[in-house]
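Here the structure comes first, spelled out in structure tokens, and everything after it is commentary.
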Amino acid sequence: MRLQLRLLALACVAPALYAGGTATWEMNNYRDFVGGRFAGISLSRDGRLRLAPRLETVFTSDQPVIWSIAQG
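So the sequence shown is numbered by our numbering: it starts at 84 and just counts up by one.
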């Protein structure tokens, strides 16, 4: 019985042995941020993050080529 408990405890602890450590990095300029995805913020050329203006849908259409019928 004790052997079974020890094996069970070892089986429960074993996944923790494969856990990763912590990693740190700094993001300071435009090049650091440009590869990311932004939601609700914008990135200026000098690397500053700002609240982005809200985007509103003006018109939606199921037509794939809507601009072919637009007149200039």
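Beta carbons: idealized from backbone N, C-alpha and C, even for Gly.
- Secondary structure note for Leu-138: it is in no beta strand (DSSP E), with a DSSP letter that is neither H nor E.
- Here the C-alpha atom of Leu-86 lies approximately 29 Å from the C-alpha atom of Gly-103.
- Rounded to whole angstroms, Gly-119 and Leu-126 show a C-alpha spacing of 10 Å.
- Our two residues, Thr-143 and Ala-106, have alpha carbons roughly 44 Å apart in a direct line.
- Per DSSP, Ser-127 lies in no beta strand (DSSP E) and is assigned neither H nor E.
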